Amino acid sequence: MSRAVAGVAVGQTHHASRRTDVSMPEMIREAIDRCLDSRGLRIKDVDAFVLGNMEMFEGINYVEQWMSDALGLAGKQVWKLNNGGTVGASTAITAYNLIASGYHDRVLCVGFEKQSEGSTQSAITTVGDPIWERAVMAGAIGNFAAMTSVYVNESGATAEQAAKVAVKARRNACNNEYAHLKLPNITVQEVLDSDMLAYPVRKLDMCPSSDGAAAVLFAAEDDAKKLSPRPAWVHAAVVAHDQQYMGDSPKRLAEMRSLIEARTKAYKIAGITDPVKELDVAEVYEPASYAELAMYECLAFCPKGGGGAHIDAGVSEMDGELPVNPSGGVLSTNPVGATALIRVAEATLQTMNEATGHQVPNVRRALATGYGGNAWTDLMILGTERL
Amino acid sequence: MSSWDTDEPLRLPQQITLNYRFAGGHHASKFFRALRGEQKILATKCPNGHVLLPPRPVCGLCNLPTNDNWVEVGPGASLAGYTVVYVPFIDPMTGVKRPVPYGFGLVRFDGCDTNVYHLIDETDPAKLRIGLPVEPVWKDESERTGSFADIRWFKPVEGAE
Ligand SMILES: [Zn+2]
Numbered sequence: 091m092s093r094a095v096a097g098v099a100v101g102q103t104h105h106a107s108r109r110t111d112v113s114m115p116e117m118i119r120e121a122i123d124r125c126l127d128s129r130g131l132r133i134k135d136v137d138a139f140v141l142g143n144m145e146m147f148e149g150i151n152y153v154e155q156w157m158s159d160a161l162g163l164a165g166k167q168v169w170k171l172n173n174g175g176t177v178g179a180s181t182a183i184t185a186y187n188l189i190a191s192g193y194h195d196r197v198l199c200v201g202f203e204k205q206s207e208g209s210t211q212s213a214i215t216t217v218g219d220p221i222w223e224r225a226v227m228a229g230a231i232g233n234f235a236a237m238t239s240v241y242v243n244e245s246g247a248t249a250e251q252a253a254k255v256a257v258k259a260r261r262n263a264c265n266n267e268y269a270h271l272k273l274p275n276i277t278v279q280e281v282l283d284s285d286m287l288a289y290p291v292r293k294l295d296m297c298p299s300s301d302g303a304a305a306v307l308f309a310a311e312d313d314a315k316k317l318s319p320r321p322a323w324v325h326a327a328v329v330a331h332d333q334q335y336m337g338d339s340p341k342r343l344a345e346m347r348s349l350i351e352a353r354t355k356a357y358k359i360a361g362i363t364d365p366v367k368e369l370d371v372a373e374v375y376e377p378a379s380y381a382e383l384a385m386y387e388c389l390a391f392c393p394k395g396g397g398g399a400h401i402d403a404g405v406s407e408m409d410g411e412l413p414v415n416p417s418g419g420v421l422s423t424n425p426v427g428a429t430a431l432i433r434v435a436e437a438t439l440q441t442m443n444e445a446t447g448h449q450v451p452n453v454r455r456a457l458a459t460g461y462g463g464n465a466w467t468d469l470m471i472l473g474t475e476r477l
Numbered sequence: 034m035s036s037w038d039t040d041e042p043l044r045l046p047q048q049i050t051l052n053y054r055f056a057g058g059h060h061a062s063k064f065f066r067a068l069r070g071e072q073k074i075l076a077t078k079c080p081n082g083h084v085l086l087p088p089r090p091v092c093g094l095c096n097l098p099t100n101d102n103w104v105e106v107g108p109g110a111s112l113a114g115y116t117v118v119y120v121p122f123i124d125p126m127t128g129v130k131r132p133v134p135y136g137f138g139l140v141r142f143d144g145c146d147t148n149v150y151h152l153i154d155e156t157d158p159a160k161l162r163i164g165l166p167v168e169p170v171w172k173d174e175s176e177r178t179g180s181f182a183d184i185r186w187f188k189p190v191e192g193a194e
């Protein structure tokens, strides 16, 4: 019998394109201090750590070693994951499994990245298979734009509908103290007039590059109740992977097989049959505006082909039936190794009723996703009810 | 004035160069010999009939070995996805920024069940569409090194709508 596990504390840095005021260890401390201070805890109160980042971005192997004192790792049990954009959510799901199994009681997840310290564009080429894929890569944006053409072809989603997602994210970000890209007066027309990066994806359709870190503490059973007045209990934690090469998934973004598989399993575990009614908020890993439209479909928030109509109807706006990314999402903040953990952190805050400035009223259940690598999905559902 | 002369936090630059040599193994060796020498595209076929490019020892859909069952696909192909890229990107093979704009897309060789990314010889997105017939344009023999870049790019088939 596995134990009930909950997210009980969250901390994050102020995210920005360049946090040149702090070194990586100093930046990580900001997130950890905010997380532990919120519950009057210290490092000695934590049993184990799960860390995640993109080592190639900063060119530091053994990254845990060079952050060891800042994290307080000496004498502790430590796991480090390195699985691309998904990694932050993977730290949370690993923590869940470590605690549910009874192996640990309190696990601190930390995700971090300083995109300003390296060359993301160059490092991203190492994502491609060296023998088969690198010779003709076009970076994250080229890859993403080619996938987007498939989604647009399948769904009929328009540039205006995508632009509405871009606007929603940057306006929501204004209510989030820690978000990077805040554009209170952004308009759909401004998105449509921004530079074309790779057809049909424009500059304001894409996520920024950010420096930042996030930390989430997970705990078990009665201990979780002691640590948080309203713990975010894990209702489902699912990982799904896809095939080897970028061209293997025939529809790519239009039918994200790993996201559909993860959603199907998670909804079954959590007993969800009508996600728009039964979930109260979602924090999804949307690297670009078009991706969020596709994710509405893959998460069954709307019928297939209905992503554009879903944003038109306002369902995912702050005052809609199922707000998506009240934090501003990845479109506003993207320190890659932390990005998917920020989704879990925000879902935890929403469930705990502690998302200051961007709290959705009466959250009972929240969904968070991580997405990255070659279509690797992590999905968590958190809730106020202890299962 | 350098940052040493102010109270600003320092940024300390470093550059590292790392060299790698990857073993192609059985499948890549056979594929790239045929690509470079004979301008042939060879895929592997699983027992359930999935024709897979890049060729590989095991089908990811069926988890069954492909048992060295090779089939020739293409050279005719069609676009499964496309874009025109306007932001400079450092070509990982040369370290040089690729001139923009350039066409880029997912290409499906005739007779194949998977797609591969490649460059497209068209920079007007209005002239590209999913399903558009394309064909490979090969580099001269002297330029071919045994990589997907031995195909310079794919160009729309003349007269194709
Ligand atoms: Zn097969």
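Residue numbers (the working numbering), protein chains in the order written: chain A, 91 to 477; chain B, 34 to 194. The beta carbon of each residue, even a glycine, is placed where N, CA and C say it ideally should be. All values reported here derive from a predicted model rather than from experimental measurement.
- Would you say A/H325 touches ligand 1, meaning its beta carbon is less than 6 Å from a heavy atom? no
- Item | At least three beta-carbon pairs within less than 8 Å, the region 436-450 of chain A to the region 258-272 of chain A | yes
- Item | Neighbour-count burial assignment, B/S62, 16 or more Cβ in a 10 Å radius | exposed
- Query: Given 8 Å as the limit, is there contact between the region 429-443 of chain A and the region 388-398 of chain A, that is, 3 or more CB pairs closer than that?
  - Reply: no
- Item | Check: A/H331 C-beta below 6 Å from any heavy atom of ligand 1 | no
- Task: Would you check if the region 274-282 of chain A and the region 413-430 of chain A touch, i.e. whether three or more CB-CB distances between them fall below 8 Å?
- Result: no
- If A/A96 and A/G460 are in contact, beta carbons under 8 Å, what's the gap, nearest whole angstrom? With a Cβ gap of about 19 Å, A/A96 and A/G460 do not count as contacting.
- Query: Buried or exposed: which applies to B/C145, given that a residue is buried once 16 or more other Cβ atoms fall within 10 Å of its Cβ?
  - Reply: buried
- Is B/C79 near ligand 1, in the sense that its beta carbon is under 6 Å from a heavy atom of that ligand? yes
- Mind checking the region 164-185 of chain B against chain A and listing, in chain order, the residues whose C-beta falls within less than 7 Å of any C-beta there? S180, F181 and A182
- According to the Cβ coordinates, are A/A269 and A/G418 closer than 7 Å? yes
- Message: Check this for me: beta carbons of A/L442 and A/A322, under 7 Å apart or not?
- Response: It is Met, not Leu, that sits at residue 442 of chain A in the sequence shown. Result yes, Cβ atoms of A/M442 and A/A322 sit closer than 7 Å.
- Close-in-space but distant-in-sequence residues of the same chain around A/A303 (CB under 6 Å, 5 per side omitted): T103, M117, I118, A121, F202 and A428
- Query: Under three-state DSSP, which class holds A/E267?
  - Reply: coil
- Where do the ends of the beta strand (DSSP E) carrying A/L198 lie? R196 to K204
- Query: Within the present structure, is the beta-carbon of B/T94 separated from the nearest heavy atom of ligand 1 by less than 6 Å?
  - Reply: Correcting the residue type first, residue 94 of chain B is Leu in the shown sequence and not Thr. Result yes, Cβ under 6 Å from ligand 1.
- Would you decide whether A/V168 is buried or exposed? Buried here means 16 or more other CB atoms lie within 10 Å of its CB. exposed
- Cβ of B/W186 within 7 Å of Cβ of B/V170? yes
- Message: By DSSP's criteria, A/R455 is part of a beta bridge. Which residues make up the other side?
- Response: A/G473
- Going by CA-CA distance only, name the one from A/V240, A/A164 and A/Y152 that's closest to A/F139. A/A164
- Query: Per DSSP, what kind of secondary structure is A/F234 in: helix, strand or coil?
  - Reply: helix
- If you run the structure through DSSP and keep just helix, strand and coil, what is B/A56? coil
- Partners in chain A for B/V117, counting only beta-carbon separations shorter than 9 Å: A235, M286, A288 and Y289
- Item | Neighbour-count burial assignment, A/P416, 16 or more Cβ in a 10 Å radius | buried
- Do you know how far the Cα of A/V306 is from the Cα of A/C125? 7 Å
- Message: Can you find the residues in the same chain that come closer than 6 Å, C-beta to C-beta, to A/A213, ignoring five residues on each side of it along the sequence?
- Response: M146 and F147
- Task: Tell whether a beta-carbon distance below 7 Å holds between A/A372 and A/V328.
- Result: no
- Task: Determine the extent of the beta strand (DSSP E) in which A/Y307 is found, giving its start and end residues.
- Result: Just to set this straight, residue 307 of chain A is Leu in the shown sequence, not Tyr. Segment D301 to A310, the beta strand (DSSP E) holding A/L307.
- Item | Where A/Q440 falls: helix, strand or coil (DSSP) | helix
- Environment of B/F55 [buried if 16+ CB atoms lie within 10 Å]: exposed
- Around the Cβ of B/A76, are there at least 16 other Cβ atoms within 10 angstroms (buried) or fewer (exposed)? buried
- For B/A61, return the contacting residues in chain A, with the cut-off set at a CB-CB distance below 8 Å. I221 and W222
- Message: Given a cut-off of 7 Å on the beta-carbon distance, is the pair B/A113 and B/R89 in contact?
- Response: no
- Nonlocal neighbours in the same chain, by C-beta distance under 6 Å from A/K170, ignoring five residues either side: L141 and E154
- How many Å lie between B/V120 and B/V133 at the Cα? 7 Å
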